[in-house]
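Trainee: Note that numbering that gives the first Met the number 0 gives residue 134 to position 135 of the sequence shown, counting from 1, and the numbers run on in steps of one.
Note that the Cβ used here is the ideal one computed from N, Cα and C, for glycine as well.
The structure displayed is predicted, hence computed values, not measured ones.
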Amino acid sequence: MAKFEKANSLNEWLDQRLAINTIKRVMNTEYWIPKDINFLWAMGMVLAATFAILTISGIFLLMYYKPDTSMAFDSVNYTIMTEVGYGWLWRHIHGIGASLVFLIIYIHMFTGIYYGSYKKGRELIWLSGMGLFVAFSAEAFSGYMLPWGQMSYWAGMVITNLFSGGSLEAYGLVEWIRGDYVPGDAFLTRFFMLHVFLLPLVIIGLIVLHFGTLRIPHVNNQEGAEIDFEESADLWKAGMKKESKVIPFSPVFLSKDVFVLGVYFMLFFYLVFYHFNFAMDPVNFDPADGLKTPAHIYPEWYFLWSYEILRPFNKDIGLIAFGIAQAALFFLPFIDRSPNVAPAHKRGLFKWWFWILILDMIALTALGKLPPEGIFNDLGLFFAIVFLLMGPALFIITMFEKKIEKGA
Ligand code: HEM
0 MAKFEKANSL NEWLDQRLAI NTIKRVMNTE YWIPKDINFL WAMGMVLAAT FAILTISGIF
60 LLMYYKPDTS MAFDSVNYTI MTEVGYGWLW RHIHGIGASL VFLIIYIHMF TGIYYGSYKK
120 GRELIWLSGM GLFVAFSAEA FSGYMLPWGQ MSYWAGMVIT NLFSGGSLEA YGLVEWIRGD
180 YVPGDAFLTR FFMLHVFLLP LVIIGLIVLH FGTLRIPHVN NQEGAEIDFE ESADLWKAGM
240 KKESKVIPFS PVFLSKDVFV LGVYFMLFFY LVFYHFNFAM DPVNFDPADG LKTPAHIYPE
300 WYFLWSYEIL RPFNKDIGLI AFGIAQAALF FLPFIDRSPN VAPAHKRGLF KWWFWILILD
360 MIALTALGKL PPEGIFNDLG LFFAIVFLLM GPALFIITMF EKKIEKGA
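And the structure:
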């Protein structure tokens with residue numbers, strides 16, 4: 000066993016047992032971040048902080064929530080909202096956090112796409128990020144079931160119904176997922192288990208993996224410049240800070256992250272206190288009723304674009320279209336054939352591709368909330384087909400993209 004000297008301070012005591020000075024030294028002098036990055040590079044930390052807030056508020060809600068179809072609705076809408084001290088606050092924090100986490104995930108993803116941060120060497124950052132996107136989607140969906148309101152029930156019904164498409168019907172897959180013919184007690188308790196236990200574990204594992212994948216390739220920068228980190232770090236250490244292209248993670252980069260986090264939390268708590276209904280669907284304030292289908296069923300805003308890719312087609316084709324759309328995003332690093340790691344505005348046709356993708360997803364999101372009738376249905380079909388063509392289009396335009404000479 001190591002020899003433990005008498006410690007003269009808490010820092011020394013902790014250092015002997017946890018090597019905290021080594022961690023500080025690594026973060027201050029051995030973990031380097033490119034200088035040429037903007038506030039968008041703080042979104043990863045914003046996501047990590049939002050996940051922490053979701054976990055803490057979730058633990059408080061868990062103390063009073065009842066995973067039983069006869070009690071769930073009241074435990075949320077009555078007990079937590081009116082009887083438990085500050086129960087309403089934790090619920091609003093959890094609801095706003097769940098919505099904002101997706102806004103930030105989309106900003107973070109599109110930053111990666113715009114700057115080509117998924118290219119050679121950084122593929123695993125992207126793949127682990129997409130793993131997080133899928134895990135967060137499952138986490139949000141399972142959480143939405145828990146208040147057992149009308150939208151929980153009917154969204155659960157519609158989404159699990161997808162698993163009865165085509166020949167899947169014969170295997171009884173949808174009944175196996177629900178544990179019954181329709182969403183009921185077995186359904187609620189298994190989604191409860193997924194939401195509070197299994198999926199958070201998966202998310203934590205994926206976050207560790209995502210951070211690990213950043214270690215060797217380092218984060219990208221605004222120009223996609225290939226930086227010699229060792230040389231630049233030596234310049235910084237020698238006091239030539241202007242000439243160096245990097246900054247130490249702590250405290251220099253961290254101070255920027257903390258500033259962005261401060262601004263973000265102002266918005267976060269403004270929404271929590273003044274606009275909490277932004278994250279709550281009014282239909283979900285009616286208790287689940289399997290005999291009363293709501294006039295119009297739609298998911299939360301962050302799933303609308305995917306929903307609108309499913310909806311204009313019949314069930315089987317819709318499911319295939321949905322699968323293709325998700326797979327195209329997942330395998331983006333391998334579909335983009337261009338060697339250029341550069342911002343979209345320097346990449347010719349790719350710039351147009353990027354903005355068409357964003358506009359198409361916004362149009363799909365808007366249409367997903369509208370009833371699938373008349374012109375809305377036709378427009379939905381049009382924008383869904385555009386989305387499906389974006390993958391092949393990227394493959395073709397990037398095959399012919401001219402190589403950018405660095406420094407140009
Ligand atoms: C929700 C959990 C997530 C957390 C906590 C997280 C965290 C981070 C952090 C801390 C960074 C480094 C700093 C930065 O660029 O912001 C990063 C980088 C990155 N993340 Fe995520 N991320 C998450 C989800 C995602 C998703 C959904 C994607 C997209 C599929 C993604 C793709 C990337 C990429 C490509 C980079 C590299 C950026 C660069 O090199 O410039 N991440 N992430």
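DSSP state of V385, grouped into three classes?
Mentor: Looking at V385 - three-state DSSP - the assignment turns out to be helix.
Trainee: Output yes or no for whether 7 Å exceeds the beta carbon distance between S141 and F190.
Mentor: For S141 and F190, yes; Cβs fall inside 7 Å.
Trainee: Taking G130 as the reference, give the member of P199, I226, D377, L378 with the closest Cα.
Mentor: When each option's Cα is compared against that of G130, the closest is P199.
Trainee: In terms of residues, what are the limits of the beta strand (DSSP E) holding P371?
Mentor: Note, P371: premise wrong, no beta strand (DSSP E); not H, not E.
Trainee: Going along the chain, which residues of its own chain have a beta-carbon closer than 8 Å to the beta-carbon of F162, five neighbours each way excluded?
Mentor: Excluding positions up to five away in sequence, the list reads L172, V173, I176.
Trainee: Which whole runs of the beta strand (DSSP E) in the segment 26 to 114 are 3 residues long or more, in chain order?
Mentor: Taking only runs of at least 3 residues, the beta strand (DSSP E) segments lying wholly in the segment 26 to 114 are 31 to 33.
Trainee: How many angstroms separate the CA atom of A134 from the CA atom of T28?
Mentor: So the two alpha carbons sit approximately 34 Å from each other.
Trainee: Leaving out five residues on either side along the sequence, give the residues of the same chain with a beta carbon under 8 Å from the beta carbon of A185.
Mentor: Counting only Cβ-Cβ distances below 8 Å, and skipping sequence neighbours, we find R177, G178, D179.
Trainee: Excluding the 5 residues flanking R214 on each side, which residues of the same chain have their C-beta closer than 7 Å to its C-beta?
Mentor: Excluding residues within five positions, none has a Cβ falling inside 7 Å.
Trainee: Here's the rule I'm using: 16 or more other beta-carbon atoms within 10 Å means buried, otherwise exposed. How should A407 be labelled?
Mentor: The pLDDT assigned to A407 is 44, lower than 50, so where the model puts this residue is not dependable; a value taken from the coordinates is nonetheless given after this. Looking at its Cβ environment, which holds fewer than 16 other Cβ atoms inside 10 Å, A407 is exposed.
Trainee: Count the other CB atoms within 10 Å of the CB of D256; is the residue buried (16 or more) or exposed (fewer)?
Mentor: Buried: at least 16 other Cβ atoms inside 10 Å.
Trainee: Say yes only if the C-beta of G96 is nearer than 6 Å to one or more non-hydrogen atoms of ligand 1, and no if none qualify.
Mentor: No, the beta carbon of G96 sits no closer than 6 Å to any heavy atom of ligand 1.
Trainee: Could you tell me the boundaries of the alpha helix (DSSP H) in which V157 lies?
Mentor: Run containing V157: 149 to 160, per the alpha helix (DSSP H) assignment.
Trainee: So, with DSSP's three-state summary, where would you put I296?
Mentor: DSSP places I296 in coil when its eight states are reduced to three.
Trainee: Given 6 Å as the limit, tell me if F132 has its C-beta closer than that to any heavy atom belonging to ligand 1.
Mentor: Yes, ligand 1 has a heavy atom inside 6 Å of this Cβ.
Trainee: If we ignore side chains and look at the alpha-carbon of each, how far apart do E222 and E307 end up?
Mentor: The alpha-carbon atoms of E222 and E307 are separated by roughly 35 Å.
Trainee: Taking the alpha-carbon positions, what's the Y117 to G390 distance?
Mentor: Those two C-alpha atoms are separated by around 15 Å.
Trainee: Looking at ligand 1, does it come within less than 6 Å of Y301, judged from the CB to the closest heavy atom?
Mentor: No, since every heavy atom of ligand 1 falls outside the 6 Å radius drawn around the Cβ of Y301.
Trainee: Near F375, what residues of its chain come up, given a Cβ to Cβ distance below 8 Å and the 5 sequence neighbours on each side ignored?
Mentor: Once the five neighbours on either side are set aside, the close Cβ partners of F375 are L366, L369.
Trainee: Kindly indicate which residue of I95, I19, L17, N76 has the alpha-carbon position closest to the one of Y273.
Mentor: The shortest C-alpha separation from Y273 is found at I95.
Trainee: Specify, as a first and last residue, the run of the alpha helix (DSSP H) that P332 falls within.
Mentor: Note, P332: alpha helix (DSSP H), 331 to 334.
Trainee: Please name the residue, chosen from G379, P286, E229, H344, that lies closest to L145 on a Cα-to-Cα basis.
Mentor: Of the candidates G379, P286, E229, H344, the one whose C-alpha sits nearest the C-alpha of L145 is P286.
Trainee: Over the uninterrupted beta strand (DSSP E) stretch that includes P247, give me the two end residues.
Mentor: Run containing P247: 245 to 247, per the beta strand (DSSP E) assignment.
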